[in-house]
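> Numbering (my numbering), first residue to last: 469 to 588.
1) Among 501, 528, 475, which residue has its Cα nearest to the Cα of residue 577?
2) For residue 552 and residue 534, what's the separation of their Cα atoms in angstroms?
3) Per DSSP, what are the beta-bridge partners of residue 540 in this structure?
4) What residue range is occupied by the uninterrupted beta strand (DSSP E) comprising residue 483?
5) Taking 8 Å as the threshold, find out whether the region 560 to 575 comes into contact with the region 508 to 517 through three or more Cβ pairs.
6) Tell me which same chain residues have a C-beta within less than 8 Å of the C-beta of residue 542, skipping the five on either side of it?
7) Report yes if the C-beta distance between residue 521 and residue 475 is below 9 Å; otherwise report no.
8) Could you tell me the distance, in whole angstroms, from the CA atom of residue 554 to the CA atom of residue 585?
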């Protein structure tokens with residue numbers, strides 16, 4: 469999941485979630501996705517924003533337990549809750565250690581590996 473979050477204003481989702489025949493199916497960025505540009509532009513977006521609260525990129529090990537569905541990923545309520553959860557870690561010194569500790573949460577049925585990048 470990739471979201472450009474603006475606290476109190478909204479979130480812009482900058483990509484389309486992969487889904488396949490099987491849960492957790494991996495979709496590789498191979499040569500075919502770049503051949504026409506159509507598939508790439510459908511799956512990835514960009515925006516120019518002079519101000520934002522955070523740009524968040526996360527694997528499904530983070531997005532599934534926090535947002536659950538594609539509808540949840542577009543929910544401002546869920547993004548606000550997510551931001552309130554990770555914001556204290558960003559105030560720590562160094563923030564990467566606090567985020568690493570935060571990533572060690574338990575979520576029943578969600579045991580994927582977790583990666584998170586936050587630009588704030």
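We put the beta carbon where it would ideally sit given N, CA and C, even for glycine.
For clarity, every value in this text was computed on a predicted model and none was experimentally measured.
Quick answer:
1) For residue 577, the closest of 501, 528, 475 by C-alpha to C-alpha distance is 528.
2) Distance from the CA atom of residue 552 to the CA atom of residue 534, rounded to whole angstroms, is 12 Å.
3) Paired residues: none, contrary to the question.
4) Looking at the DSSP string, residue 483 is not in any beta strand (DSSP E), and its letter there is neither H nor E.
5) no
6) Scanning its chain for C-beta atoms nearer than 8 Å, with the 5 sequence neighbours on each side dropped, one finds around residue 542 the residues 479, 481, in chain order.
7) yes
8) 11 Å
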